[in-house]
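All remarks here apply to the structure that follows.
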Amino acid sequence: MPGQPGVPPGTEVYEVDEVYETDGEPAVVLRRVRRWLWFFLVCLVLSGLTAFPLETETRWLVDLATGPAAPLTDHFPAATAWFLKVHEGIVETNRHYPFLAYGTDWLAFAHLVIGAALWGPLRDPVRNIWVIRWAVLACGAVIPLALICGPLRGIPLVWRFIDMSFGVFGVIPLLIVLRALRPLERSFAEPAPAS
Numbered sequence: 002m003p004g005q006p007g008v009p010p011g012t013e014v015y016e017v018d019e020v021y022e023t024d025g026e027p028a029v030v031l032r033r034v035r036r037w038l039w040f041f042l043v044c045l046v047l048s049g050l051t052a053f054p055l056e057t058e059t060r061w062l063v064d065l066a067t068g069p070a071a072p073l074t075d076h077f078p079a080a081t082a083w084f085l086k087v088h089e090g091i092v093e094t095n096r097h098y099p100f101l102a103y104g105t106d107w108l109a110f111a112h113l114v115i116g117a118a119l120w121g122p123l124r125d126p127v128r129n130i131w132v133i134r135w136a137v138l139a140c141g142a143v144i145p146l147a148l149i150c151g152p153l154r155g156i157p158l159v160w161r162f163i164d165m166s167f168g169v170f171g172v173i174p175l176l177i178v179l180r181a182l183r184p185l186e187r188s189f190a191e192p193a194p195a196s
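For the sequence shown, our numbering begins at 2 and goes up steadily by one.
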C-alpha cells in the first residue's frame, strides 16, 4: 500500500496480518501479543466496572469481613474497621450527596474509554505500539498518584500499596507485549529495498 501520508517514498507499508498470515514465528508472536493485550483489556474493564456499584460492593466486603463464615475482625481488626468506615462513608454520601457518586461513574467510564483505546493495538500492535507505551506510562503514574493523593485523603498505607499494585501488576503484560514486539517493530521500520 504505497503512497500513505508520512511514509517515505520507496517504503512499502503492509498491514501486520497481510505479512504474517502463515503460521511462522511472527504469526505466533502476534497471537501471543494479542492474548496478553486481551488479558490486560479484560482486567482493565472489570476494574473500571467495579467503580459503579460501590455501595453494594462495600456492603459485600463488610459482610464478608464480619460474617460468621470468614471473620476478619479477630485477625485483622484495623482492616475490618477500615472496611466499615468506607462503607459507612459511601452510604452516607449516597444518602445526602448522591451527585458525588457521579465522580466514580466518570472513573468507571475512563477505564472503559482507555480499554477502547486498545482496539488499535489489538488490530495492529506494531503500528499502534505507541498506545502500548502510553499504557505503560499510565501504569507507572498510578504509583505517584497513590503516594501523593493517598495521604492527602487519609487512605491507609496498606490500601495505598493495594492501589499501587494495580499499576505494578498491570504493567507486566504490557512489558511482555513490548518485548515480544521488538523484533517485529524493527522489521517494519526497515525500508524496502529500492527496485
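Glycine is no exception: its CB is placed at the ideal position from the N, C-alpha and C atoms. All values reported here derive from a predicted model rather than from experimental measurement.
Reduced DSSP secondary structure (H/G/I, E/B, other) of residue i
| i | result |
| --- | --- |
| V20 | The predicted position of V20 is uncertain, since its pLDDT is 48 and thus under 50; a value taken from the coordinates is nonetheless stated next. Note: V20 maps to helix in three-state DSSP. |
| P157 | coil |
| A28 | helix |
| D164 | helix |
| F170 | helix |
| L73 | coil |
| F41 | helix |
| V132 | helix |
| G137 | The amino acid at residue 137 is misidentified as Gly; the sequence shows Val. Here V137 sits in helix by DSSP. |
| P126 | coil |
| A147 | helix |
| A52 | coil |
Beta-carbon separation (whole angstroms), residue i vs residue j, contact threshold 8 Å
| i | j | result |
| --- | --- | --- |
| F53 | D106 | 7 Å |
| H112 | L45 | 6 Å |
| A260 | L55 | Shown here, the chain extends from 2 to 196; a query on residue 260 therefore has no answer. |
| F77 | P174 | Contact doesn't hold; Cβ gap of about 30 Å is too wide. |
| A109 | G168 | Rounded, the Cβ-Cβ distance is 18 Å, inconsistent with contact. |
| L153 | V132 | Not really, about 31 Å apart at Cβ, beyond 8 Å. |
Residue i versus residue j: straight-line alpha-carbon distance, rounded
| i | j | result |
| --- | --- | --- |
| L158 | P184 | 41 Å |
| L176 | H97 | 44 Å |
| A71 | R134 | 41 Å |
| E26 | R35 | 14 Å |
| V63 | F84 | 6 Å |
| V137 | W39 | 15 Å |
| A80 | R124 | 43 Å |
| T94 | F162 | 25 Å |
| I156 | V29 | 44 Å |
| M99 | G68 | The question names Met, but residue 99 is Pro in the sequence shown. When rounded, the distance between both Cα atoms is 28 Å. |
| L101 | D75 | 34 Å |
| W61 | R32 | 38 Å |
Span of the alpha helix (DSSP H), counted from its first residue to its last, around residue i
| i | result |
| --- | --- |
| N95 | 78 to 97 |
| F110 | 102 to 118 |
| T57 | 55 to 67 |
Contacts around residue i, its chain only, beta-carbon distance under 8 Å, and the 5 residues preceding and following it disregarded
| i | result |
| --- | --- |
| I130 | P122, L179, L182, E186 |
| M165 | V143, I144, A147, L148 |
| W160 | W83, G151 |
Residues near residue i by beta carbon distance below 7 Å, same chain, minus five either side
| i | result |
| --- | --- |
| T57 | none |
| C140 | G168, G171, V172, L175 |
| V20 | Per-residue confidence for V20 stands at a pLDDT of 48, beneath the threshold of 50, marking its modelled position as unreliable; no derived number is given. |
| K86 | none |
| T51 | E58 |
Proximity test, Cβ basis, 7 Å: residue i and chain C
| i | result |
| --- | --- |
| A139 | Structure shown: chain C not included; a single protein chain is present. |
6 Å CB neighbourhood of residue i in its chain, flanking five on each side removed
| i | result |
| --- | --- |
| G116 | L42, L45, V46 |
| I91 | L55, E56, T59 |
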